[in-house]
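Trainee: There's a structure below that I have some questions on.
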Amino acid sequence: MSIAVAVDDLPVLSAVGTVTVHDSGVARSCARCSCGWTGKRRLLKAAAEQDAWMHSIHQRCVVGVPLVRPGN
């Protein structure tokens, strides 16, 4: 038994943007993406990191390496 799959029918997973967390000091961390999305300003850096991961999962954006970037 063999199964034939048309290559044209396969979904194409292409990244839209690159998401990172900008750490601007205490209680000022925010996830941002090059696709134009900006997350809420968070008290905890870990919460902003979760926002970044959730955005990357739902919008198929790539997570930046390193995820957390200091400064603006």
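The sequence shown stops at residue 109 when you use my numbering, and every number in between is there. Glycine included, each C-beta is placed from N, C-alpha and C at the ideal position. Small disclaimer: the values here were computed from a predicted structure and weren't measured.
1. On the criterion of 16 or more Cβ atoms from any shown chain inside 10 Å, does R97 qualify as buried, or is it exposed?
2. In whole angstroms, what is the alpha-carbon distance linking S61 and V105?
3. If distances are taken between C-alpha atoms only, which option among R65, H59 and G108 comes closest to S71?
4. If you draw a straight line from the C-alpha of R77 to the C-alpha of W90, how long is it?
5. Can you tell me whether S93 is helix, strand or coil according to DSSP?
Mentor: Quick answer:
1. R97 should be labelled exposed.
2. Here the alpha carbon of S61 sits roughly 10 Å from the alpha carbon of V105.
3. H59
4. It should be noted that the sequence gives Lys, not Arg, for residue 77. So the alpha carbons of these two residues sit roughly 13 Å apart.
5. helix
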